[in-house]
Every structure is written in structure tokens, then in C-alpha cells.
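Asker:
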Amino acid sequence: MITVQREHSDMHREREGCMERSETVCCYCGVSYLIFNEFHQLNIQLAQQEAELQELRETAQREKTQREALELGRLEWEKALQMQQICLCTVWVGHSRYAHMVSWGSACLCVVKSMVHWQSQFTPWSNVS
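The numbering used here runs 48 ahead of the 1-based position in the sequence shown.
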């Protein structure tokens with residue numbers, strides 16, 4: 049804040065003619081110190097903004113990676129849940145030989161086929177009507 053006020057007062061003094069041209073211009077290159085200082089401040093602000101932008105890009109990349117990991121975890125969880133449901137796909141009601149399907153799909157069909165195969169080898173309810 050002090051620097052801005054000082055720059056403003058320097059520029060104000062220059063406008064009023066209080067400062068000699070030799071006080072505001074470099075003897076070697078002829079560039080006004082006030083303009084040079086203003087460009088220097090703009091370059092500092094630009095560097096800060098670029099650093100902040102890079103930080104935001106890195107944060108966005110980390111969040112994207114985390115979202116992808118969460119999505120992968122969710123898909124694995126759903127697959128495990130589906131496999132658990134497949135294992136419980138058939139429900140035996142009482143001592144009936146008929147299976148009621150809890151969920152549909154080729155996986156359930158495989159379970160039913162394996163249950164039929166298991167039933168043909170071992171049927172504890174064969175005497176039950």
C-alpha cells in the first residue's frame with residue numbers, strides 16, 4: 049500500500065512538474081523510472097498469477113485422480129456386490145425343488161445350472177413331496 053501511494057505521489061509530482069526529467073529518466077537507456085517500476089510491479093503480479101494458476105492446475109489434476117480412484121473403487125464395490133448377489137441368486141422356498149430368481153442375467157443362469165447339477169448328485173429333499 050505504501051509503495052502504491054509513493055508511486056502515486058511520484059507520478060503526481062511529475063505531472064505537476066516538481067520533478068526534473070533527469071530525476072525520472074535513466075541516464076543510460078532513457079526509460080522513465082516510474083514506467084519501469086510500473087512494469088516491474090506488473091511482472092511481479094503476472095508471476096504470482098502464473099504460480100497460482102499452476103497450483104490450481106495441480107489441484108485440479110489431483111482431484112481428477114482422486115475422482116478416478118473413487119470411481120474405480122465404486123465399480124469394484126458394485127462388482128463385488130453383484131458377485132455376492134449372484135451367490136445368493138437362488139432362494140429355496142421350503143423344501144421345494146424350484147428356485148426363485150432374485151436377480152436376472154447370464155450369471156444367475158450359471159448359478160441355476162450349477163445348482164441343478166449339484167441337485168442331480170445330491171438331493172436331500174428327494175423324499176419330500
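From the three backbone atoms N, C-alpha and C, an ideal C-beta is built for every residue, glycine too.
1. On the DSSP bridge assignment, give the partners of VAL73 in chain order.
2. Go ahead and pull the three-state DSSP assignment for GLU68.
3. Go through its chain and collect everything with a Cβ distance to ARG122's Cβ below 6 Å, but skip five positions before and after it.
4. Taking the straight line between their C-alpha atoms, what separation do you get for LEU118 and GLN93?
5. Whole angstroms is fine: what's the gap from LEU104's alpha carbon to GLU71's?
Answerer: This is what the structure holds:
1. If you number the sequence shown from 1, residue 73 lands on position 25. SER80, per the DSSP bridge assignment.
2. For the purposes of this step, residue 68 is taken as residue 20 along the sequence shown, with counting starting at 1. Coil, per DSSP.
3. By 1-based counting over the sequence shown, the position of residue 122 is 74. Contacts found: none.
4. Stepping through the sequence shown from its first residue, residue 118 is reached at position 70. Stepping through the sequence shown from its first residue, residue 93 is reached at position 45. C-alpha of LEU118 to C-alpha of GLN93: approximately 37 Å in a straight line.
5. Taking the first residue of the sequence shown as 1, we reach residue 104 at position 56. Taking the first residue of the sequence shown as 1, we reach residue 71 at position 23. For the pair LEU104 and GLU71, the Cα-to-Cα distance works out to about 42 Å.
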